[in-house]
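Notes follow once the structure below has been shown.
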Amino acid sequence: MKQRPLMNPSSQPAVIRIGRDDPLPSDDPVMTCPDLDLEMLAERWSVRAGLPAMTAEQMRGADLRARRLGVPADRLMEQAGIAVAAGTRALLASTERPADAVILILCGLGNNGGDGLVAARHLAAAGHRVVAVLVGHEPGPTTPDALRNWERLSDVSLVERIHTASPREVQVLLNGVEKAGAVIDALLGTGVKGVLREPIRSAVAVIARARLERVPILAVDTPTAVDLTGGRASDPVVRADVTVTFHRPKTGLRTRVGRALAGRVLVAPIGIPAEADPT
1235 MKQRPLMNPS SQPAVIRIGR DDPLPSDDPV MTCPDLDLEM LAERWSVRAG
1285 LPAMTAEQMR GADLRARRLG VPADRLMEQA GIAVAAGTRA LLASTERPAD
1335 AVILILCGLG NNGGDGLVAA RHLAAAGHRV VAVLVGHEPG PTTPDALRNW
1385 ERLSDVSLVE RIHTASPREV QVLLNGVEKA GAVIDALLGT GVKGVLREPI
1435 RSAVAVIARA RLERVPILAV DTPTAVDLTG GRASDPVVRA DVTVTFHRPK
1485 TGLRTRVGRA LAGRVLVAPI GIPAEADPT
């Protein structure tokens, strides 16, 4: 794999739109936020932050029941990706990173990675150049919705797609990572179990290097290797500045370890109705 400098051509990022906190958010944008920042986003989603926390198993159950109630799985992923894109824009606004710096998104093969791929599309639509790296041994994403979103990026001019299973190729991303505007951790979500394997371990090392270079880090749902139920963390682990989790707070992110690794936690609506919540 050729070395790719993480630089962005001069551009003026456009406006990104955020969905409302409705039981079933529309796919259509409903609000423009030209001056989006973390405080604004936290206020917008403040109702979610005050809800009772869920375990990872409860969240999987709510997701399944939502689909049985007629909420399409691809809509949930779309809304999650929009939330991640909004969180990334808000995080960038709180830093002194160059406005035209590239955004690096490290994506696993499952739905967590799919959320990152949706975010890549929306960030590109907002004028950001994105490098989306699919990390894993399979020929592509392993869930239908994630695969569709990976394929959709092939026609997005501001997104460079990279697919690698080689730890050495992942390590190439260290060259120039300090120039990134932000790094999004979309490697592993609720499905993380046991010790991290290659090439995910090397991808986590890229994120750690970026953090050392003071590049802001945003985690999707949970920092990779942090358990959403108990807050346990394996080594290596991602330490994020902001974590965008979905629908309800998670018990693992309220533990001492979880809080330390997740940074500021934003709880975003993705269209799961209250009827899908555990009783």
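Numbering (my numbering), first residue to last: 1235 to 1513.
Glycine included, each C-beta is placed from N, C-alpha and C at the ideal position.
On a Cα-Cα basis, can you pick out the residue from the options that is closest to residue i?
i       : options                               : result
ILE1339 : VAL1369, ALA1360, ARG1473 and ARG1301 : VAL1369
HIS1397 : SER1391, PRO1457, ASP1334 and PRO1433 : PRO1433
PRO1378 : VAL1352, ASP1389 and GLY1344          : GLY1344
PRO1503 : TRP1279, PRO1401 and VAL1454          : TRP1279
PRO1332 : ARG1302, ALA1414 and PRO1306          : ALA1414
ARG1282 : GLU1291, ALA1317 and ARG1302          : ALA1317
LEU1272 : LEU1452, LEU1303, GLY1304 and ALA1380 : LEU1452
ARG1355 : GLY1304, THR1513, GLU1312 and ARG1445 : GLU1312
GLY1374 : GLY1342, ARG1402 and LEU1408          : GLY1342
THR1513 : TRP1384, ALA1276 and PRO1286          : PRO1286
Please look up how many angstroms separate the CB atoms of residue i and residue j, rounded, as I've assumed it's under 8 Å.
i       : j       : result
HIS1481 : MET1274 : Not a contact, Cβ separation roughly 20 Å.
GLY1321 : VAL1471 : Not a contact, Cβ separation roughly 20 Å.
VAL1411 : ARG1443 : 6 Å
ASP1455 : THR1424 : 7 Å
LEU1270 : ALA1327 : 6 Å
How many angstroms separate the CA atom of residue i from the CA atom of residue j?
i       : j       : result
ARG1386 : GLU1394 : 12 Å
GLY1497 : ALA1437 : 19 Å
ASP1419 : GLY1284 : 25 Å
ASP1334 : GLU1509 : 42 Å
VAL1501 : LYS1484 : 9 Å
LEU1351 : GLY1315 : 7 Å
THR1376 : ALA1359 : 25 Å
VAL1367 : SER1391 : 15 Å
HIS1523 : ASP1389 : Any question about residue 1523 goes unanswered here, given that the chain covers just 1235 to 1513.
GLY1347 : ALA1494 : 23 Å
ILE1441 : GLN1405 : 10 Å
ALA1276 : PRO1306 : 26 Å
LEU1303 : ASP1511 : 12 Å
By Cβ distance, which residues of its chain are closer than 6 Å to residue i, with the 5 residues on each side in sequence left out?
i       : result
ILE1506 : ALA1296, ALA1300 and HIS1481
ASP1461 : GLY1486
PRO1450 : LEU1325, THR1329, ALA1416 and ASP1475
THR1289 : THR1463 and THR1485
For residue i, collect the residues of the same chain with a Cβ closer than 7 Å to its Cβ; drop the 5 residues on either side in sequence, then sort them by chain order.
i       : result
SER1468 : VAL1429, LEU1430 and ALA1459
LEU1357 : ALA1319, THR1322, ILE1337 and VAL1364
GLU1447 : VAL1411 and GLU1412
ALA1399 : GLY1370, HIS1371 and PRO1433
PRO1457 : ASP1419, VAL1471, VAL1472, ARG1473, ALA1474, THR1477, LEU1495 and ALA1496
ASP1261 : The pLDDT assigned to ASP1261 is 40, lower than 50, so where the model puts this residue is not dependable, and the model offers no usable value.
TRP1384 : LEU1351, LEU1368, GLY1374 and PRO1375
Please list, in chain order, all residues of the same chain as residue i whose beta carbon is under 8 Å from its beta carbon, the five residues on each side excluded.
i       : result
ARG1382 : ASP1308
Legend entry - Segments of 4+ residues assigned as alpha helix (DSSP H) that fall wholly inside the stretch 1410-1495: 1434-1446
Inset, instruction - With a floor of 4 residues, list each alpha helix (DSSP H) that falls wholly inside the stretch 1287-1330, ordered by position along the chain. - result: 1290-1302 and 1307-1327
Legend entry - Minimum length 4: unbroken alpha helix (DSSP H) runs contained in the stretch 1363-1397: Given a length threshold of 4 residues, each whole run of the alpha helix (DSSP H) inside the stretch 1363-1397 is given here in chain order: 1378-1386.
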